[in-house]
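Remarks on the structure that follows.
Numbering (our numbering), first residue to last: 2 to 349.
See the structure below:
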């Protein structure tokens, strides 16, 4: 693929990648994937880990468990001269790290949501463009074979005119290992900001447009006994151009005793038929000495996403989904938050 003017390419065989923070649990999987590739030099850092109130390991302790190189500060990681960085810090810290990485000339894969405020996401996209680096938003579910197949069927007209989409993204509350998810200042909210974005990304790709209006309701009934004061349950209804109605169930409703964290589903209904995808449904199950076992199989979504990011870095092209997708999906979340707060539909 021909490089895009303004985005520099990395033509060396080995790409230097820095993982910035272990705050998000996906950083563990990303680090393992990168450490297993012979074309990657890896360094990790998590300076905020030592002071985090998390039960799960952070910082140098987690790096040692993963067997990956570690430095103490973000400054050291960026001074190392990475070609690319993966930002997996608390949501409210994304903008600062993205802007620092862009200033260092590094391409960026940023965990979702891109930011906690639309204005911050707008600034991040603009910063990356000025620096000539690609900014990718971490939406691995769009790499699922079932989703790409669904998109192909919709675009071929197999389902006729799309009239409605029902999405779910339920999961366990990420409280024990990563308590910051329920700290509104660090996360930007509760289950709305954590779970709406994945389905919003799939809808963005499937329908190719933002919704015209969003209506949302939420509650804090789940996990109230644990002192959680952000929303833990929610339902979002989005109206898209042409009258397509999409709903997203975004609750932290999977019990802690469940063998798996949750999953994403999407049901697409058209005038000629419907289809349903569940990218995380493939699994093997059973029991061992510790209890029920649930092991996902099928597509390696994180691996496919990392491969797309590294390919964009090598080829000097925008990675997909880019920062613009992260910005658009955050606009949907922000509208849902305003609607839940006011009880009224909100124009996006």
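Built from N, CA and C at the ideal position, the CB exists for glycine as well.
- Message: Suppose you measure from the CA of residue 334 to the CA of residue 27; what does that come to, to the nearest Å?
- Response: Their backbone Cα atoms lie some 21 angstroms apart in a straight line.
- Query: In chain order, which alpha helix (DSSP H) runs of at least 4 residues are fully inside the stretch 15-94?
  - Reply: Segments of the alpha helix (DSSP H) lying fully in the stretch 15-94: 27-36, 60-67 and 75-80.
- Message: Does the stretch 180-195 come into contact with the stretch 229-240, if we say contact requires no fewer than three beta-carbon pairs (one atom in each stretch) closer than 8 angstroms?
- Response: yes
- Do you know offhand how far residue 362's Cα is from residue 346's? Any question about residue 362 goes unanswered here, given that the chain covers just 2 to 349.
- Message: Does residue 224 come out as helix, strand or coil in the three-state DSSP assignment?
- Response: coil
- Query: Using the C-alpha atoms, what's the distance from residue 279 back to residue 168?
  - Reply: Cα to Cα, the separation comes out at about 10 angstroms.
- Do residue 265 and residue 224 have their CB atoms nearer than 7 angstroms? no
- Task: Please say whether residue 54 and residue 1 have beta carbons closer to each other than 7 angstroms?
- Result: A query on residue 1 cannot be resolved here, the shown segment of the chain reaching from 2 to 349 and no further.
- Supposed close pair residue 79, residue 105 - CB separation, criterion 8 angstroms: 5 angstroms
- Same chain, Cβ closer than 6 angstroms to residue 300, neighbours up to 5 away in sequence not counted: Correct list, in chain order: 145 and 146.
- Item | Neighbour-count burial assignment, residue 156, 16 or more Cβ in a 10 Å radius | exposed
- Message: I need the straight-line Cα distance from residue 176 to residue 70, nearest angstrom please.
- Response: 27 angstroms
- Task: Can you give me the start and stop residues for the beta strand (DSSP E) that residue 202 sits inside?
- Result: Counting along the chain, residue 202 falls outside any beta strand (DSSP E), though it belongs to the alpha helix (DSSP H) covering 192-208.
- Task: Report yes if the C-beta distance between residue 310 and residue 115 is below 7 angstroms; otherwise report no.
- Result: no
- Query: If we count the other Cβ atoms within 10 Å of its Cβ and call it buried at 16 or more, is residue 253 buried or exposed?
  - Reply: buried
- Could you give the DSSP three-state label for residue 269: helix, strand or coil? strand
- Would DSSP call residue 101 helix, strand or coil? The answer is helix: DSSP assigns residue 101 an H, G or I state.
- If we ignore side chains and look at the alpha-carbon of each, how far apart do residue 323 and residue 86 end up? 15 angstroms
- Cut-off 7 angstroms between Cβ atoms - residues of its own chain near residue 40, not counting five sequence neighbours on either side: 14, 15 and 16
- Message: In the DSSP output, which residue or residues are listed as bridge partners for residue 250?
- Response: 169 and 236
- Message: Determine whether the beta carbon atoms of residue 215 and residue 336 lie at a separation below 7 angstroms.
- Response: yes
- Mark residue 188 as exposed unless 16 or more other C-beta atoms lie within 10 angstroms of its C-beta, in which case mark it buried. buried
- Looking at C-alpha atoms only, which residue of 240, 327, 18 and 30 is the closest neighbour of residue 95? 327
- Go ahead and label residue 8 buried or exposed: buried means 16 or more other beta carbons lie within 10 angstroms of its beta carbon, across all protein chains shown. The residue in question, residue 8, is buried, as its Cβ has 16 or more Cβ neighbours within 10 Å.
- Below 6 angstroms CB to CB, which residues in the same chain sit around residue 127 once its five sequence neighbours on both sides are set aside? none
- Message: Buried or exposed, going by whether 16 or more other CB atoms sit within 10 Å of the CB of residue 25?
- Response: Residue 25 comes out buried.
- Message: Determine whether the beta carbon atoms of residue 314 and residue 332 lie at a separation below 7 angstroms.
- Response: no
- Query: Ends of the alpha helix (DSSP H) at residue 307?
  - Reply: 302-316
- Message: Distance check for residue 184 and residue 342, CA to CA, integer angstroms please.
- Response: 18 angstroms
- Which stretch, first to last residue, makes up the beta strand (DSSP E) that contains residue 112? 108-112
- Please name the residue in 282, 291 and 174 whose C-alpha comes closest to that of residue 226. 174
- Query: Whose CA, out of 149, 217 and 68, lies closest to the CA of residue 29?
  - Reply: 68
- Task: Go to residue 293, then tell me how far its alpha helix (DSSP H) extends in each direction, as first and last residue.
- Result: First-last for residue 293: 292-297, but that is the beta strand (DSSP E), not the alpha helix (DSSP H).
- Item | Unbroken alpha helix (DSSP H) run spanning residue 178, endpoints | Segment: none, residue 178 is in no alpha helix (DSSP H) and carries neither H nor E.
- Query: For residue 323, which residues does DSSP report across the bridge?
  - Reply: 137
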